[in-house]
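Chains A and B, in that order, are what the protein sequence lines are. Take the first sequence: its position 158, counting from 1, is numbered 158 in UniProt numbering, and each next residue is one higher. Take the second sequence: its position 172, counting from 1, is numbered 172 in UniProt numbering, and each next residue is one higher. Glycine is no exception: its CB is placed at the ideal position from the N, C-alpha and C atoms. For clarity, every value in this text was computed on a predicted model and none was experimentally measured.
2 protein chains.
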Amino acid sequence: MSHSRSDVVEHALDVLDRYGLADLSMRRLAADLDVRASALYWHFPSKQALLAAVADEVLRRGDRPVDGSWEDQVRGYAHALRDAMLAYRDGGELVAAAHAFGLGEVDPGARLEEILGDPVAAATVLYFVLGHVTDEQLALQAGSAGAIDDDPLARADTFADGLAIVVAGIAAQNVLSTSSRTGAHSTTGR
Amino acid sequence: MSHSRSDVVEHALDVLDRYGLADLSMRRLAADLDVRASALYWHFPSKQALLAAVADEVLRRGDRPVDGSWEDQVRGYAHALRDAMLAYRDGGELVAAAHAFGLGEVDPGARLEEILGDPVAAATVLYFVLGHVTDEQLALQAGSAGAIDDDPLARADTFADGLAIVVAGIAAQNVLSTSSRTGAHSTTGR
Chain A
1 MSHSRSDVVE HALDVLDRYG LADLSMRRLA ADLDVRASAL YWHFPSKQAL
51 LAAVADEVLR RGDRPVDGSW EDQVRGYAHA LRDAMLAYRD GGELVAAAHA
101 FGLGEVDPGA RLEEILGDPV AAATVLYFVL GHVTDEQLAL QAGSAGAIDD
151 DPLARADTFA DGLAIVVAGI AAQNVLSTSS RTGAHSTTGR
Chain B
1 MSHSRSDVVE HALDVLDRYG LADLSMRRLA ADLDVRASAL YWHFPSKQAL
51 LAAVADEVLR RGDRPVDGSW EDQVRGYAHA LRDAMLAYRD GGELVAAAHA
101 FGLGEVDPGA RLEEILGDPV AAATVLYFVL GHVTDEQLAL QAGSAGAIDD
151 DPLARADTFA DGLAIVVAGI AAQNVLSTSS RTGAHSTTGR
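Here is the structure:
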């Protein structure tokens, strides 16, 4: 039986959502799809490459246009990213792993850098988002398994308020770097 | 054969560092220590409780005193936290999981809240640190396994510079909240 690359990704998303990242292996996918593992390696040279393709799909499905000031765009994109990862079990860990390996086609860091024009500011937003979403997702899953008590609403507030701190920090550093470069004082609206 | 709680944690740290978090199971530990799994459950009611105890030990070993201004203390503690997690394979993921489950005795969020006096500011620093360290640790491990190219030095710079953005954001929000509460203008030294 023959499967397209997108069939395999689709099936991998289903395995991810039902059983979690730990159960997403090439062997399992091959068995489920009733093909030899070598057929999967024809599409994906490694498990890392497969995970990157699955992370790309998670991010593409959650993507939405953002506009307005740079602050609005950062907030809009960060919330879209959070929603995209929360939509699939272990989505945060999956996207974090794909980012660390640098094998994906959809690069949230590059997208944030387009908005912010600065790689460190972009990385800072991304690390806050990844750290936050991984934490809330692990807590949600443990909460739904009855392992711990959790309050999802409290975590949603922390996301918006923590993001406001990161955005304020970028604005403050922009003021500093602009005034140190030009000697002029610039202000950022809030 | 009988093992103390600290024997089990010590052995678990060794398994973590040699084989990684995915291989750290109650069954494996029991087999390695030549005891029945029930003997481990006498010390730890669940795998989550064991992981929390191991995370506590990682954090205790990496702890060091911090002093100076609140900015100095945040920077000092964030760097200590990073070093503690980088000292063990998958240390970042382990501490992130223990934090999400809320079962540990050593609570980095509470420590940051003591320094900062604000739970959201503390959480923002912590999520940045967890997101950053998990990313660099996954990349380092994949890099040392030959799976990807990585530049550890570039990531160390991103940590310090990204932390500076978060600290600047907290300072900026302190100014706003102080002036909105009292009507007075306060300044923060840089």
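| message | Check whether chain B comes within 9 Å of D107 of chain A, counting only Cβ atoms and requiring the distance to be less than that. | response | With 9 Å as the cut-off, D107 of chain A does not count as an interface residue toward chain B.
| Would you say Q73 of chain B faces chain A, with C-beta separation under 9 Å as the test? | no
| said: Using a Cβ-Cβ distance cut-off of 9 Å, determine whether Y41 of chain A contacts chain B. | reply: no
| field | N-terminal and C-terminal residue of the alpha helix (DSSP H) that L130 of chain B is part of | value | 119-144
| said: Can you give me the C-alpha to C-alpha distance between R18 of chain B and R89 of chain B, rounded to a whole angstrom? | reply: 7 Å
| By how many angstroms is the C-alpha of D135 of chain A removed from the C-alpha of I170 of chain B? | 21 Å
| message | Just to check my reading of the structure: A12 of chain A and V54 of chain A have Cβ atoms closer than 8 Å, yes? What is that Cβ distance to the nearest angstrom? | response | Between V54 of chain A and A12 of chain A the Cβ distance is about 5 Å, and since that is below 8 Å, they are a contact.
| message | Against chain A, with Cβ distances strictly below 9 Å, would H11 of chain B count as a contact? | response | no
| Does Y127 of chain B get closer than 9 Å to chain A when you measure Cβ to Cβ? | For Y127 of chain B, the answer is yes, since a Cβ of chain A falls inside 9 Å of its Cβ.
| field | Proximity test, Cβ basis, 9 Å: V58 of chain B and chain A | value | No - not a single Cβ of chain A is within 9 Å of the one on V58 of chain B.
| query | Mind pulling the chain B residues with CB within less than 8 Å of V166 of chain A? | reply | T124, F128, I165, V166, G169
| query | When we look at the beta-carbon of P108 of chain A and count the other beta-carbons within 10 Å, is it buried (16 or more) or exposed? | reply | buried
| At which residue ranges does the UniProt domain "HTH tetR-type" (2-62) of chain A contain complete alpha helix (DSSP H) runs of 4 or more residues, listed in the order of the chain? | 5-19, 26-33, 37-43, 47-62
| request: Determine the extent of the alpha helix (DSSP H) in which R64 of chain B is found, giving its start and end residues. | output: Here R64 of chain B belongs to no alpha helix (DSSP H), and DSSP marks it neither H nor E.
| said: In the DSSP assignment, the alpha helix (DSSP H) including A84 of chain A goes from what residue to what residue? | reply: 70-86
| Helix, strand or coil for R111 of chain A per DSSP? | helix
| query | List, in order along the chain, the chain B residues whose C-beta lies closer than 8 Å to that of G131 of chain A? | reply | A96, L126, Y127, F128, V129, L130, G131, H132, T134
| message | Report the CB separation of A78 of chain B from A172 of chain A in whole angstroms; it is logged as a contact under 8 Å. | response | Contact flag wrong, Cβ pair sits at about 18 Å.
| request: Using a Cβ cut-off of 9 Å, pull out every chain A residue sitting near V120 of chain B, in sequence order please. | output: D157, T158, D161, G162, A164, I165
| query | For the segment 14-37 of chain A, which residues have a beta carbon sitting closer than 7 Å to at least one beta carbon of chain B? | reply | A22
| query | Looking only at C-alpha atoms, which of A:R61, A:D72, A:A110, A:G104 sits nearest to F44 of chain A? | reply | A:G104
| Interface flag, A172 of chain B vs chain A, CB-CB below 9 Å | Among the CB atoms of chain A, one or more fall inside 9 Å of the CB of A172 of chain B.
| field | Spatial neighbours of H132 of chain A in its chain, beta-carbon cut-off 8 Å, leaving aside the 5 residues before and after | value | For H132 of chain A, where only same-chain residues beyond five positions count, the Cβ hits under 8 Å are R82, R155, T158, F159, G162.
| said: Output needed for G62 of chain A: all residues of its chain with C-beta closer than 8 Å, excluding positions within five of it in sequence on either side, in chain order. | reply: A80, L81, D83, A84, M85, A87
| message | In this structure, how does DSSP classify G104 of chain B when only helix, strand and coil are distinguished? | response | Of the three classes helix, strand and coil, the one that applies to G104 of chain B here is coil, per DSSP.
| task | Enumerate in chain order the residues of its own chain whose CB-to-CB distance from A98 of chain A is below 6 Å, with the five nearest sequence positions on each side excluded. | result | If we look at A98 of chain A and ignore the five residues flanking it on each side, its Cβ neighbours are L51, A52, A55, G104.
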